[in-house]
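If you're matching positions, the sequence shown starts at 1 in UniProt numbering and goes up one per residue.
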Amino acid sequence: LFKQNRVRMIVDCNATSVRVIQDERLMQPLCLVGSTLRAPHGCHAQYMANMGSIASLALAVVINSSGDDDGINRNAMKLWGLVVCHHTSPRSIPFPLRYACEFLMQAFGLQLNMELQLAAQLSEKHILRTQTLLCDMLLRESPTGIVTQSPSIMDLVKCDGAALYYQGKYWP
């Protein structure tokens with residue numbers, strides 16, 4: 001839901017909830033997914049009370065989960081995290097300020113997405129470089145170099161150990 005509605009506000013978690021009555025002539029049930037102002041669920045209200053919080057503003061940090069840069073397809077978007085602001089008394093954040101916060105989260109999400117893509121590219125280059133060096137070791141020397149020298153086979157994957165069994169001998 002945070003991918004559809006990236007800003008949520010609880011003005012007063014202690015306020016009495018207002019019941020929404022749907023017109024009986026409506027064929028479909030009323031959908032409040034796009035609602036920014038909402039009452040907290042019972043367990044969330046208790047969670048806020050445990051923190052001494054009365055009001056909250058939650059802002060979604062959404063990134064592109066595919067390799068595409070278009071950022072338009074909502075199915076390709078992924079919730080990366082939340083920025084949550086709490087207040088100890090009832091507090092309503094005006095729409096222009098909420099809109100500005102949403103814009104900042106979008107800018108942050110774009111920057112974060114670029115940083116994550118760069119990190120993935122650097123990791124891929126490191127793996128390719130390591131694979132090349134290990135292949136060279138295998139061609140020039142005995143295969144034991146891939147576990148006894150640096151870089152080793154352990155540099156390709158996250159692991160705590162690697163071993164080689166070659167020509168009846170074991171190299172840890």
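We put the beta carbon where it would ideally sit given N, CA and C, even for glycine.
Just so we're clear, the structure is a prediction, and the values are computed from it rather than from any experiment.
Practice prompt. Using 10 angstroms around the beta-carbon of D70, count the other beta-carbons present and answer buried if the total reaches 16, otherwise exposed.
Written response: Residue placement at D70 is poorly supported in this model, since its pLDDT is 49, which falls under 50; the coordinates still yield a value, given next. Exposed, by the Cβ-count rule.
Worksheet entry | Range covered by the beta strand (DSSP E) that runs through L164 | L164 to Y166
Worksheet item: Nearest-angstrom Cα distance between E24 and L30?
Response: 11 Å
Item to complete: Whole angstroms is fine: what's the gap from L57's alpha carbon to G42's?
Response: 17 Å
Item to complete: Provide the residue span of the alpha helix (DSSP H) that contains A45, from first to last.
Response: G42 to M51
Worksheet item: Relative to the C-alpha of L104, which residue among A119, P94, V83 and T130 is closest?
Response: V83
Fill in: Cβ-based neighbour list, F108, same chain, cut-off 7 Å, excluding 5 preceding and 5 following
V61
Worksheet item: CA-CA distance, residue 179 and L79?
Response: Because the chain spans 1 through 172 in this model, residue 179 falls outside it and cannot be assessed.
Discussion item. Beta-carbon within less than 8 Å of V11's beta-carbon, same chain only, minus the 5 sequence neighbours each way: which residues are those?
Written reply: L37, A55, P90, R91 and S92
Worksheet entry | Own chain partners of R8 with C-beta closer than 6 Å, once the 5 adjacent residues on each side are dropped | A58
Fill in: Beta-carbon gap between S152 and A163 smaller than 8 Å
no
Worksheet item: Considering only residues of the same chain and omitting the five flanking positions on each side of residue 191, which have a CB-CB separation below 7 Å?
Response: Summary: the structure shown does not reach residue 191, with the chain confined to residues 1 through 172, and so no result is reported for it.
Worksheet item: So, is P96 buried or exposed, given that buried needs 16 or more other C-beta atoms within 10 angstroms?
Response: exposed
Worksheet item: Hey, how far is the Cα of Y47 from the Cα of Q111?
Response: 32 Å
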